[in-house]
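Peer 1:
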Amino acid sequence: MRYTRLFGKTVKEAQNELFQESYSLLFKGGFARPLGQGLYCYLPMGMKVLRNIKRIISEEMEYLGGAEIQAPLVNPADLWEESSRLEIMGNSLIRFKDIRNAEMVLAPTHEEAVVSLVKQSLHSYRDFPIFLFQFQTKFRNEYRTRGGMIRTREFEMNDAYSFHRSYSDLNNFFPQVFAAYERIFQRCDVPYITAESEVGVMQGSRAYEFLTEDPQGKDTVVLCRNCGYRAREEVALAVKKNNAGALKPLEKVETGNLKTMAKISRHLDLPLERLGKCMVYSCPSGLVMAVVRADYDVSREKLMRYLGEPWLNSASKEELDRIGLVPGFMSPVNPPGQIAIVIDDTVVNSSNLAIASNDVGFYYLNANFGRDFDSFHVTDISRIKAGDLCLSCGSELEEIHALELGNLFKLDDYFTQKRIFSFRTKRGGSAIRSWGLTASGWEDSLSRS
0 MRYTRLFGKT VKEAQNELFQ ESYSLLFKGG FARPLGQGLY CYLPMGMKVL RNIKRIISEE
60 MEYLGGAEIQ APLVNPADLW EESSRLEIMG NSLIRFKDIR NAEMVLAPTH EEAVVSLVKQ
120 SLHSYRDFPI FLFQFQTKFR NEYRTRGGMI RTREFEMNDA YSFHRSYSDL NNFFPQVFAA
180 YERIFQRCDV PYITAESEVG VMQGSRAYEF LTEDPQGKDT VVLCRNCGYR AREEVALAVK
240 KNNAGALKPL EKVETGNLKT MAKISRHLDL PLERLGKCMV YSCPSGLVMA VVRADYDVSR
300 EKLMRYLGEP WLNSASKEEL DRIGLVPGFM SPVNPPGQIA IVIDDTVVNS SNLAIASNDV
360 GFYYLNANFG RDFDSFHVTD ISRIKAGDLC LSCGSELEEI HALELGNLFK LDDYFTQKRI
420 FSFRTKRGGS AIRSWGLTAS GWEDSLSRS
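Numbering (numbering that gives the first Met the number 0), first residue to last: 0 to 448.
(1) Given a cut-off of 9 Å, decide if phenylalanine 132 and aspartate 158 are closer than it, judged by their beta-carbon atoms.
(2) Out of curiosity, what's the CA-to-CA distance linking leucine 92 and alanine 101?
(3) If you draw a straight line from the C-alpha of phenylalanine 172 to the C-alpha of tyrosine 363, how long is it?
(4) Going straight from the alpha carbon of glutamate 67 to that of proline 75, what length do you get?
(5) Please state the DSSP three-state secondary structure of serine 21.
(6) Sorted by chain position, which residues of the same chain lie with C-beta nearer than 8 Å to leucine 475's C-beta, five sequence neighbours on each side aside?
(7) Report, in whole angstroms, the separation of the C-beta atoms of alanine 237 and isoleucine 383, which I expect to be a contact under 8 Å.
(8) Helix or strand or just coil, what does DSSP make of glycine 216?
(9) With DSSP as the reference, please indicate the residues paired to serine 381 in a beta bridge.
(10) Relative to the alpha-carbon of aspartate 344, which residue among Met88, Ile380 and Arg231 has its alpha-carbon at the smallest distance?
(11) Which residue comes first and which comes last in the beta strand (DSSP E) that contains asparagine 74?
(12) Taking 8 Å as the cut-off, is the beta-carbon of phenylalanine 177 closer than that to any non-hydrogen atom of the ligand GDP?
(13) Our contact map puts valine 287 next to isoleucine 338 with C-beta atoms below 8 Å; I'd like the distance itself, whole angstroms only.
(14) If you run the structure through DSSP and keep just helix, strand and coil, what is threonine 108?
(15) Just the Cα atoms here: how many angstroms apart are asparagine 367 and leucine 269?
(16) Based on Cα-Cα distance, which residue from Cys277, Met278, Val279 and Ala261 lies nearest to leucine 271?
(17) I need the boundaries of the alpha helix (DSSP H) containing serine 57, first residue and last residue.
(18) Whole angstroms are fine: how far does the CA of valine 377 sit from the CA of valine 359?
(19) According to DSSP, is valine 10 part of a helix, a strand, or is it coil?
(20) Hey, quick one: how far does the beta strand (DSSP E) through histidine 122 stretch, first residue to last?
(21) Ordered along the chain, which non-local residues of its own chain (more than five positions away) have a Cβ less than 6 Å from that of asparagine 348?
(22) So aspartate 371 and valine 332 are supposed to be a Cβ contact under 8 Å. How far apart are they, rounded?
(23) When you compare only the Cα positions, how much space is there between glutamate 398 and phenylalanine 127?
(24) Given this structure, state the Cα-to-Cα distance separating lysine 251 from histidine 266, to the nearest angstrom.
(25) Assign leucine 396 to one of three DSSP states: helix, strand, or coil.
(26) How big is the Cα-Cα spacing for valine 104 and lysine 118?
(27) Just the Cα atoms here: how many angstroms apart are tyrosine 166 and glycine 35?
(28) Do you know whose CA, among Lys258, Ile263, Leu274 and Pro309, lies nearest serine 281's CA?
(29) Taking the beta carbon of serine 394 as the centre, do at least 16 other beta carbons fall within 10 Å, making it buried, or is it exposed?
(30) Buried or exposed, going by whether 16 or more other CB atoms sit within 10 Å of the CB of arginine 1?
(31) Just tell me which of Lys53, Asn51 and Lys8 has its CA closest to the CA of arginine 32.
(32) Bridge partners for alanine 206 per DSSP, in chain order?
(33) For lysine 11, which residues in the same chain have their Cβ closer than 6 Å to its Cβ, ignoring the five residues on either side in sequence?
(34) CB-CB under 6 Å to asparagine 225, same chain, minus the five flanking residues each way: which ones, in chain order?
(35) With 16 other CB atoms within 10 Å as the buried threshold, where does lysine 409 fall?
(36) Using the rule of at least 16 other Cβ atoms within 10 Å of the residue's Cβ for burial, across every protein chain shown, is methionine 329 buried or exposed?
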């Protein structure tokens, strides 16, 4: 085609709002144009690039024995209700009713649909393992988008699903898929790093993320330059620095209506590591109070894993009022009886902390675990930060900003159990299979290559 006939010619200047350099280049090069917030049109040159990326992904999936399918974008809501994710995903899931008044959802992922498909199609141990992949449109019901075309509302994703007779078979296949996605990014010439990440709404036991370093990235990765350890801050593990010392008498002091940790720290003339803070969450089994040192944030992922809960939401004012807690003054000292308390190990191993008192306008000084407050639930529930020490080699950890490119999840048998999905074994009995899933937002590669 002659350039004069090309739809979507190059332009010299990008729009002012295109802060992401990669998308600015795509705009000026005539690859894509915005339609709305987080919504983009691909022009002929952009479509050529996408087809090439799709070809590379298909080749790598087929090399592993993958078979291409396509599940519908619109799913019956009852599939999502069976997996409990209708409640877990909340407002991020778009729901609507069709002409028959049946409730439907726009599927942001397709685990439920693919499990239903395989359940109808495969019945014997001889049919496994099976590896399926697809390219399908997804929609995220997000208020804000970020990263130019890296984090859009509508995009096409390559997602792949593997089903196995045994957990050991799943474990053997997992690194093969991991290597396949590494080859995909290498062939697309996309710089990437890998990091352990949170499972989140995907459930399962393990997750890894493929990311690209970017100063404007909203994802934080904790890494060790010495031994190569990398993990998202939500799941990273490290040796945290404690502040132990001789116990001092408990003292109650007035702080007025100050509620933020920064203001309390200045008022009491204490560094954040000498303060404790409390967050209260609601989950299926009730309310839970998380207590961490004020120089750390609560890791919802770690807290969910410890509790064995599928989701956590910040407790509403109504929920707090019901048990007599006031935001900014919640405390594990003399707490209400209707709440579980989980305490971070830094709080247990630090002496003489300043902490709220459950009395508006007052804080305790020199509060100590085991003397002034207690709990059976003590574990690591804090987000690791720069300066903590690597568990493997003892070096100081660093933080980098990055943008997410793709994910790899080990889902075990979470969804197959929800669907009561069994198959005939060699001895004539039945078993529920384990399975893993990979998902990569392949349109992201266009913006990074």
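Note that the Cβ used here is the ideal one computed from N, Cα and C, for glycine as well. In this text, all values refer to a predicted model and were calculated from it rather than measured experimentally.
Peer 2: Checking against the coordinates, here is how it stands:
(1) Counting from 1 along the sequence shown, the entry for residue 158 is found at position 159. Counting from 1 along the sequence shown, the entry for residue 132 is found at position 133. Yes, the pair counts as a contact, with Cβ atoms nearer than the cut-off.
(2) Within the sequence shown, the letter at position 93 stands for residue 92. Within the sequence shown, the letter at position 102 stands for residue 101. Roughly 16 Å separates the two Cα atoms.
(3) Stepping through the sequence shown from its first residue, residue 172 is reached at position 173. Stepping through the sequence shown from its first residue, residue 363 is reached at position 364. CA-to-CA, the gap between phenylalanine 172 and tyrosine 363 works out to about 53 Å.
(4) On the sequence shown, position 68 is the one that residue 67 refers to. On the sequence shown, position 76 is the one that residue 75 refers to. Computed Cα separation, rounded: 22 Å.
(5) As a position in the sequence shown, residue 21 is number 22, starting the count at 1. The answer is helix: DSSP assigns serine 21 an H, G or I state.
(6) Outside the displayed range of the chain (0 to 448) lies residue 475, so it cannot be described from this structure.
(7) For this step, residue 237 is matched to residue 238 along the sequence shown. For this step, residue 383 is matched to residue 384 along the sequence shown. The pair is a contact, with the Cβ atoms about 5 Å apart (cut-off 8 Å).
(8) For the purposes of this step, residue 216 is taken as the residue at position 217 of the sequence shown. Coil, per DSSP.
(9) Residue 381 sits at position 382 when you count from the first residue of the sequence shown. Answer is Val297.
(10) Translated into positions along the sequence shown, residue 344 becomes position 345. Per the Cα distances, Ile380.
(11) Along the sequence shown, one-based indexing puts residue 74 at 75. For asparagine 74, the enclosing beta strand (DSSP E) stretches over residues 73-75.
(12) This structure simply doesn't include the ligand GDP, nor any ligand for that matter.
(13) Stepping through the sequence shown from its first residue, residue 287 is reached at position 288. Stepping through the sequence shown from its first residue, residue 338 is reached at position 339. Confirmed, about 7 Å.
(14) Here residue 108 is taken as the residue at index 109 of the sequence shown, counted from 1. Residue state, collapsed to three classes: coil.
(15) In the sequence shown, residue 367 corresponds to position 368, counting from 1. In the sequence shown, residue 269 corresponds to position 270, counting from 1. Cα to Cα, the separation comes out at about 16 Å.
(16) Numbered from 1 along the sequence shown, position 272 holds the residue referred to as residue 271. Here the closest residue by C-alpha is Ala261.
(17) Within the sequence shown, residue 57 is the residue found at index 58, counting from 1. Run containing serine 57: 43-62, per the alpha helix (DSSP H) assignment.
(18) Indexing the sequence shown from 1 puts residue 359 at position 360. Indexing the sequence shown from 1 puts residue 377 at position 378. Their backbone Cα atoms lie some 26 Å apart in a straight line.
(19) Stepping through the sequence shown from its first residue, residue 10 is reached at position 11. Three-state result, valine 10: coil.
(20) Taking the first residue of the sequence shown as position 1, residue 122 is located at position 123. That residue, histidine 122, is in no beta strand (DSSP E); it is neither H nor E in DSSP.
(21) On the sequence shown, position 349 is the one that residue 348 refers to. Close CB contacts of asparagine 348 within its chain, under the 6 Å cut and outside five residues either way in sequence, are with Asn241 (chain order).
(22) For the purposes of this step, residue 371 is identified with residue 372 of the sequence shown, where counting begins at 1. For the purposes of this step, residue 332 is identified with residue 333 of the sequence shown, where counting begins at 1. Beta-carbon to beta-carbon, aspartate 371 and valine 332 are separated by about 5 Å, close enough to satisfy the 8 Å threshold.
(23) Counting from one through the sequence shown, the residue named residue 398 turns up at place 399. Counting from one through the sequence shown, the residue named residue 127 turns up at place 128. Taking the straight line from one Cα to the other gives about 42 Å.
(24) Residue numbering aside, residue 251 sits at position 252 when the sequence shown is read from its first letter. Residue numbering aside, residue 266 sits at position 267 when the sequence shown is read from its first letter. Taking C-alpha positions only, lysine 251 is separated from histidine 266 by approximately 14 Å.
(25) Locating residue 396 in the sequence shown gives position 397, counting from the first residue. If DSSP states are grouped into helix, strand and coil, leucine 396 belongs with coil.
(26) The residue labelled residue 104 in the question sits at position 105 within the sequence shown. The residue labelled residue 118 in the question sits at position 119 within the sequence shown. For the pair valine 104 and lysine 118, the Cα-to-Cα distance works out to about 21 Å.
(27) On the sequence shown, residue 166 is found 167 positions in, with the first residue counted as 1. On the sequence shown, residue 35 is found 36 positions in, with the first residue counted as 1. Taking the straight line from one Cα to the other gives about 44 Å.
(28) For the purposes of this step, residue 281 is taken as residue 282 along the sequence shown, with counting starting at 1. The residue from Lys258, Ile263, Leu274 and Pro309 with its alpha-carbon nearest to that of serine 281 is Pro309.
(29) Numbered from its first residue, the sequence shown carries residue 394 at position 395. With fewer than 16 other CB atoms across the displayed protein chains lying within 10 angstroms of its CB, serine 394 is exposed.
(30) Mapped onto the sequence shown, residue 1 falls at position 2. Arginine 1 should be labelled exposed.
(31) Here the question's residue 32 lines up with position 33 in the sequence shown. Taking only the C-alpha atoms, the option nearest arginine 32 is Lys8.
(32) Position 207 of the sequence shown holds residue 206. Answer is Phe408.
(33) For the purposes of this step, residue 11 is taken as residue 12 along the sequence shown, with counting starting at 1. Taken in chain order, the list of residues that qualify is empty.
(34) Here residue 225 refers to the residue found at position 226 of the sequence shown. Cβ neighbours of asparagine 225 beyond the five flanking positions: Cys392 and Ser394.
(35) Here residue 409 corresponds to residue number 410 of the sequence shown, with the count starting at 1. By the neighbour-count rule (16 or more Cβ atoms within 10 Å), lysine 409 is buried.
(36) Locating residue 329 in the sequence shown gives position 330, counting from the first residue. Flag for methionine 329 reads buried.
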